[in-house]
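Numbered per the working numbering, the sequence shown spans residues 5 to 422. Backbone N, C-alpha and C define an ideal beta-carbon position, used for all residues, glycine too.
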Amino acid sequence: MLTALKGNIIEALSPDILGIHPSSYLVLEDGRVEGIYPTLTENMAETAVEDFGDALILQSFSDMHLHGPQYEYMGTGMDRPLLEWLETYAFPTEAKYSDTSYAREMYRTLAHDLIQNGTTRVAMFSSLHTDSTLILMAELEKAGVTGYVGKVNMDRNAPPYLCETTEESEKETLRWLEESKRFTLVKPILTPRFAPSCSSELLAFLGKLKAERDLPVQSHLSENLGEIALVGQLFPDCPQYWEVYDKYGLFDSKTLMAHCVHSDRRERAAMRLRGVHPVHCASSNNSLMSGISPVADLLREGQKVCLGSDVSGGTTLSMLRTMANSISASKDRGALQQDFSQAISIEHAYYMTTSAGQTFFGHGAGFTVGEKLHAIVLDDTKLPKLPNITLRERLLRAVYRLDDRHIRAVYSEGVRRK
Ligand SMILES: [Zn+2]
């Protein structure tokens, strides 16, 4: 059956190019994109049209780095640097997720709020608890959020109440992978928390598992200088941070590496060569005073940069706010260096928030024909009607001024969820 959404359609075709279709029809066949047309042709006369008037129809968002159990204390402790913040806030809260009924309640709220904010694809860290991780996957799937969730592995440098033995970590990872087979929209992703929290033995186990089962991987890389120094002490045989992951086979085109704020030329060359996807988390980098990522340089180098909210190092679940924060951070870097080429554009920000994530999950960029619809309707029609304002300008303005209250509709997997 043919259906269509009507409005001003904007898609991210490449990091530099927006596809802009004023007052057009996004036609669907059984929830899959059939095409975008300025008018409906005769053979489409029977199409059921949802007319959103002058509102913007956008791709829904992909949040490629966030921590599920951290959502509940988002905004707390934003005056501490990373390692101190982890010990004071992150680890004690995460420990509560050994309680599965507590986890269900919290994760149901998170899944609901993601959809309200127009995020339909995620790459998310859970905690080390297998059963709560399965609950997180179930709650996301029920709400219509798709993507990857990882049971966290950590067998050292963690508080005793939040640390597995190597053997437990391996055994529980296998159980989690087995039990994850029941999900269709949410898939498992191997998740060594970061190099310092995993022994060499555990990393070797994960690398072997990845190779045997062709699994994706997510972790953290070069977020903060203290962390980089710690990795140097723990892995003296690896000259650079990335080489720890690489040594154990955890650094390829199915790998997401959050932050990469302090990655130098050599580390960045390795990421590009291996096809690793860096995930830029501007809000978190600011809150934890980690640094300002050279995101414009990364894009110029052809790195496959995605955006992450990094809740709760980041202080918002909104990918609209995350885009605005990314643009602002790039300008801070440009201002500090008096180098205006450091500023990223709305094209960059929108691409990194939508199509970059889609391609990591194996989909095309933009509204690809044949794929199930993932879209939002963002209503900016209450903002002043400026003469001659373009749709590109309206998108940039909407990123700065609108939030979840202005998201009128959300579609995931071809189904309306909001
Ligand atoms: Zn993180």
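Please confirm whether residue 39 has its beta-carbon closer than 9 Å to some beta-carbon of chain C. Within the model displayed, chain C is absent; a lone protein chain is all it includes.
Please determine if the stretch 325-336 and the stretch 367-377 are in contact, where contact requires at least 3 C-beta pairs separated by less than 8 Å. Not touching, per the Cβ criterion.
Kindly indicate the opening and closing residues of the alpha helix (DSSP H) around residue 338. On the sequence shown, position 334 is the one that residue 338 refers to. Residues 323-341.
Please give me, in chain order, every unbroken run of the beta strand (DSSP E) with length at least 3 that falls completely inside the stretch 78-148. Within the stretch 78-148, the beta strand (DSSP E) runs of at least 3 residues that lie entirely inside it are, in chain order, 123-129.
Report yes or no: do the stretch 158-167 and the stretch 112-127 share at least 3 C-beta pairs separated by less than 8 Å? The stretch 158-167, when compared against the stretch 112-127, does not touch it at the 8 Å Cβ threshold.
Residue 287 (DSSP reduced to helix, strand or coil): Taking the sequence shown and counting its residues from 1, the one referred to as residue 287 is at position 283. Judged by DSSP in its simplified three-state form, residue 287 adopts helix.
Compare the Cα-Cα distances from residue 157 to each of 119, 264, 203, 151 and report the closest residue. Start at 1 with the first residue of the sequence shown, and residue 157 comes out as number 153. Residue 203 is the option with its Cα nearest to residue 157.
Is the closest heavy atom of ligand 1 to the C-beta of residue 314 under 8 Å? In the sequence shown, counting from the first residue as 1, residue 314 sits at position 310. Indeed, a heavy atom of ligand 1 lies less than 8 Å from the Cβ.
Near ligand 1: residue 129 beta-carbon under 8 Å from a heavy atom: Against the sequence shown, residue 129 aligns to sequence position 125. At least one heavy atom of ligand 1 is found less than 8 Å from the C-beta of residue 129.
Here's the rule I'm using: 16 or more other beta-carbon atoms within 10 Å means buried, otherwise exposed. How should residue 216 be labelled? Position 212 of the sequence shown, counting from 1, holds the residue named residue 216. Under this definition residue 216 is an exposed residue.
Exposure label - residue 2; buried when at least 16 CB within 10 Å: Residue numbering for the chain in the displayed model covers 5 to 422; residue 2 lies beyond these limits and cannot be assessed.
On a CA-only basis, which of 365, 63, 24, 391 is nearest residue 37? Give me that one, please. The sequence position of residue 37 within the sequence shown is 33, counting from 1. A check of alpha carbon separations from residue 37 across 365, 63, 24, 391 identifies 63 as the nearest.
When you measure from the CB of residue 69 to every non-hydrogen atom of ligand 1, does any distance come out below 8 Å? Here residue 69 refers to the residue found at position 65 of the sequence shown. Residue 69: yes, Cβ under 8 Å from ligand 1.
Distance cut-off 8 Å: residue 1 Cβ against heavy atoms of ligand 1: The question about residue 1 has no answer, for the chain in this structure spans 5 to 422.
Taking residue 79 as the reference, give the member of 340, 119, 292, 381 with the closest Cα. Counted from its first residue, the sequence shown places residue 79 at position 75. Taking each of 340, 119, 292, 381 in turn and checking the Cα distance to residue 79, the smallest one comes out for 292.
Rounded to whole angstroms, how far is the Cβ of residue 348 from the Cβ of residue 299, which I believe are closer than 8 Å? Translated into the one-based positions of the sequence shown, residue 348 becomes position 344. Translated into the one-based positions of the sequence shown, residue 299 becomes position 295. About 6 Å separates the two Cβ atoms, so the contact holds.
Give me the DSSP bridge partner(s) of residue 168. Residue 168 sits at position 164 when you count from the first residue of the sequence shown. Bridge partners of residue 168: none, in fact.
Under 9 Å, do residue 225 and residue 264 count as touching if we go by C-beta distance? Sequence index remark: in the sequence shown, residue 225 carries index 221 (1-based). Sequence index remark: in the sequence shown, residue 264 carries index 260 (1-based). Contact: yes.
Between residue 57 and residue 413, what straight-line distance do the alpha-carbon atoms span, to the nearest angstrom? Locating residue 57 in the sequence shown gives position 53, counting from the first residue. Locating residue 413 in the sequence shown gives position 409, counting from the first residue. Going by C-alpha positions, residue 57 is about 13 Å away from residue 413.
Return the chain-ordered list of same chain residues with a C-beta closer than 6 Å to the C-beta of residue 184, the five sequence neighbours on each side being excluded. Taking the sequence shown and counting its residues from 1, one reaches residue 184 at position 180. So the qualifying residues of the chain are 192.
Taking just the CA atoms, how far does residue 230 sit from residue 377? Here the question's residue 377 lines up with position 373 in the sequence shown. Here the question's residue 230 lines up with position 226 in the sequence shown. Their backbone Cα atoms lie some 43 Å apart in a straight line.
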